[in-house]
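Undergrad: Same order as they appear, the protein sequences are chains A and B.
Numbered by the numbering used here, the letters in the first sequence go through residues 1 to 249 in order.
Numbered by the numbering used here, the letters in the second sequence go through residues 250 to 510 in order.
For each residue, glycine too, the CB sits at the ideal point set by N, CA and C.
Please read these numbers as outputs of a predicted model, since none were measured by experiment.
The structure follows.
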Amino acid sequence: MNAPLESVISLRDVKKSFGAQTVLDGLTFDVPRGKCMGIMGPSGTGKSVILRHVIGLMRADSGVVAVEGRDVAKLKRQELMDLRRRMGFLFQEGALINWLSVGENVALPLRENTNMPDAEIRQRVQEKLELVKIPDAWEKMPAQISGGMKKRVGLARALITDPEIVLYDEPNAGLDPEIAQSINDLLRELHEGLRVTALLVEHRVRCIRTVADEVIFLEKGQVLLQLPPREFFASDHPRLVQFLGSDPD
Amino acid sequence: MNVLTPVTVIARSLGEQLELLFAVIVRLYHVPARARLVADHIYQSALQTVHVVLVVGLFIGMIVALQTGIELARIGQQDQIGTIVALSMAREMGPFITATILAATAGSSMAAEIGTMSVSDELSALEVLSVDRVKLLVLPRVVALAIAAPLLTILCDTIGIVGGGFVAQSQLNVSYQLYLDSAVEALADPGKILPLPKDVYGGLLKAFVFGIIVSIIGCAAGLRATGGALGVGNATRSAVRDAIIAIIITNYFITWVLYQA
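As structure tokens, this is what we get:
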């Protein structure tokens, strides 16, 4: 019998409301080490909110959000910063600092948080730019590059500290199908190569199918279904059928 | 609406600004490592507003000279015009006008830049990357304006006094040399605190404080911006409004300390 996989990200009965609107309503799930958990669900069901809880940008009204067994909400400032240095976050629009070049955006965490010599920083940034397949982009400014390229730069920046956990917030948002698929292939490649633990929020079927090891379907702030991708997309659950029936993929 | 709401909002806003000022002070030792960013911000805030300061300063000096000169001429005291223009410019007009221009240009620009970063997730990205946003975004801007404001004030004072001299000579029949001599003599009076011309260092002290006020208020407004373009617009408006109010109130207290206490 296989030993149960160690849970790296764990949510227990998490509740979160914004005013009168309840977004997360007793959400519970685990992400085992080295696995990529995909989260699907209609807009406004709190998918991105989950990621912001895991990285400590938001606090739950109740319940526990734990990373490697430690309640994120109870971490002191320095402990949270130390934890974040071991995590990567790919924002929906890339969230690149618009007055820094592509290379300096990727180098930022190393320049700000380490005493690494400039030559070593340049080498590591170049490696990451090559990893995300934009080796010649260093000097470009964020305003000069496409949405797909911004995602790649955001991904390179998320990976620059060689994180053990990566959070992806809608990596396909705003991309055409061809570029979206190239991003998905890249994420899969990285996931297989680096074996990071990942949480992937996306409502595009193709992305989840390509990248995730397991899929959660959120409904009314709770887990409605949790299955491996093959079974998930073969499921005849009426709500899932209704949701997927309207998917552009 | 609860009558206490505006008071609460002002108190919270003031608290945020003081907290940000404290955060900047404890990070001052990072300034040498940020010299490049400080220089960039001095260029953006000071060099790009020099022409505005020069034009406004020139005409303010001319207006002061004309308004007071006409009255002084009635009692035959127009040769005192140099003293009045020099003291007005150095004590009040130079620092105040410069700070107001900086609030409208550099302060609003800081609020808009940081506010746009806030509403487009860039500040969240810095947080996630464990990058200290005060060190990266606020410290260089505050130091830059604390340096730029006194420099621009010196320019404003100088051009204002020169402008007053034009009016004295052309409209009030006071020779330029007499005007300049009385201006320099008025400014040479040393103060009790420092053995330097009191009105000059008093004005520059004001400019230094105003520079810090404008930048702290601009950055704080940007950092708390939410809600897209509307939020950035609100941040920019409140940055300029609050900075001008704070400049006027602070001006009174610095004047009181320097000349009354």
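For the alpha helix (DSSP H) holding B:D289, just list the boundary residues, first then last.
TA: For the purposes of this step, residue 289 of chain B is taken as the residue at position 40 of the second sequence. From DSSP, the alpha helix (DSSP H) with B:D289 extends over A284 to S294.
Undergrad: From B:G356 to B:V489, what distance separates their C-alpha atoms?
TA: Residue numbering aside, residue 356 of chain B sits at position 107 when the second sequence is read from its first letter. Residue numbering aside, residue 489 of chain B sits at position 240 when the second sequence is read from its first letter. B:G356 and B:V489: Cα-Cα distance of roughly 6 Å.
Undergrad: Can you confirm whether A:P163, when its beta carbon is compared against all beta carbons of chain B, has any partner nearer than 7 Å?
TA: Numbered from 1 along the first sequence, position 163 holds the residue referred to as residue 163 of chain A. Answer no: the Cβ-Cβ gap between A:P163 and chain B never drops below 7 Å.
Undergrad: Of the residues that make up the region 384 to 397 of chain B, which ones have a beta carbon closer than 9 Å to any beta carbon in chain E?
TA: Chain labels in this structure do not include chain E; the protein chains are A and B.
Undergrad: Mind checking B:Y277: buried by the 16 CB within 10 Å criterion, or exposed?
TA: Numbered from 1 along the second sequence, position 28 holds the residue referred to as residue 277 of chain B. In the sequence under discussion, the amino acid at residue 277 of chain B is Leu, which differs from the Tyr named in the question. Exposed, because fewer than 16 other Cβ atoms sit within 10 Å of the Cβ of B:L277.
Undergrad: List the residues that DSSP assigns as beta-bridge partners of A:M37.
TA: Here residue 37 of chain A corresponds to residue number 37 of the first sequence, with the count starting at 1. Answer is A:L199 and A:E214.
Undergrad: With which residues is A:S7 paired in a DSSP beta bridge?
TA: Position 7 of the first sequence holds residue 7 of chain A. Paired residue(s): A:P32.
Undergrad: What did DSSP end up calling A:K220 once you bin it into helix, strand or coil?
TA: Position 220 of the first sequence, counted from the first residue, corresponds to residue 220 of chain A. Residue state, collapsed to three classes: coil.
Undergrad: Is there contact here, the region 133 to 141 of chain A with the region 33 to 53 of chain A, by at least three beta-carbon pairs under 8 Å?
TA: Output reads no: the region 33 to 53 of chain A does not touch the region 133 to 141 of chain A.
Undergrad: Let me check understanding here. Comparing Cα to Cα, which of B:T504, B:A470 and B:I503 lies closest to B:Q266?
TA: Indexing the second sequence from 1 puts residue 266 of chain B at position 17. Minimum Cα distance to B:Q266 is reached at B:A470.
Undergrad: Do the region 42 to 62 of chain A and the region 15 to 34 of chain A touch if we need at least three Cβ pairs shorter than 8 Å?
TA: At 8 Å Cβ cutoff, the stretches touch.
Undergrad: Quick one: what's got a C-beta closer than 7 Å to B:I396's C-beta in the same chain, skipping five residues either side?
TA: For the purposes of this step, residue 396 of chain B is taken as the residue at position 147 of the second sequence. Taken in chain order, the residues that qualify are I291.
Undergrad: In whole angstroms, what is the alpha-carbon distance linking A:V125 and A:A107?
TA: Start at 1 with the first residue of the first sequence, and residue 125 of chain A comes out as number 125. Start at 1 with the first residue of the first sequence, and residue 107 of chain A comes out as number 107. In a straight line, the C-alpha of A:V125 is about 6 Å away from that of A:A107.
Undergrad: Name the residue from B:I274, B:T499, B:F457 and B:R323 whose alpha carbon lies nearest to the alpha carbon of B:T402.
TA: Against the second sequence, residue 402 of chain B aligns to sequence position 153. Here the closest residue by C-alpha is B:F457.
Undergrad: Measuring from the CB of B:L351, is there a heavy atom of the ligand SAM at a distance below 6 Å?
TA: This structure lacks the ligand SAM; in fact it carries no ligand of any kind.
Undergrad: Please go through the same chain and pick out, in chain order, the residues whose beta-carbon is closer than 8 Å to the beta-carbon of A:T45, but skip the five residues on each side of it.
TA: What you label residue 45 of chain A is simply residue 45 of the first sequence in a count that begins at 1. Correct list, in chain order: V23, L218, E219, K220 and G221.
Undergrad: Less than 6 Å between C-beta atoms, sequence neighbours within five positions excluded: which residues of the same chain meet that for B:G451?
TA: Translated into positions along the second sequence, residue 451 of chain B becomes position 202. Around B:G451: L507.
Undergrad: Only counting the same chain, and skipping five residues up and downstream in sequence, which positions put a Cβ closer than 7 Å to that of B:Q329?
TA: For the purposes of this step, residue 329 of chain B is taken as the residue at position 80 of the second sequence. Cβ within range, chain order: L321 and S431.
Undergrad: Would a check of beta-carbon distances place A:L159 closer than 7 Å to chain B?
TA: Taking the first residue of the first sequence as 1, we reach residue 159 of chain A at position 159. Not an interface residue.
Undergrad: Taking only runs of the beta strand (DSSP E) that begin and end inside the region 53 to 101 of chain A, which ones reach a length of at least 3 residues, in chain order?
TA: Here the runs fully enclosed are 62 to 67 and 87 to 90.
Undergrad: Any idea which residues DSSP pairs A:L225 with across the strands?
TA: The residue given as residue 225 of chain A occupies position 225 in the first sequence. According to DSSP, which records beta bridges pairwise, A:L225 is partnered with A:F217.
Undergrad: Relative to the C-alpha of B:S358, which residue among B:L479, B:I496, B:G467 and B:A492 is closest?
TA: For this step, residue 358 of chain B is matched to residue 109 along the second sequence. For B:S358, the nearest C-alpha among the options comes from B:G467.
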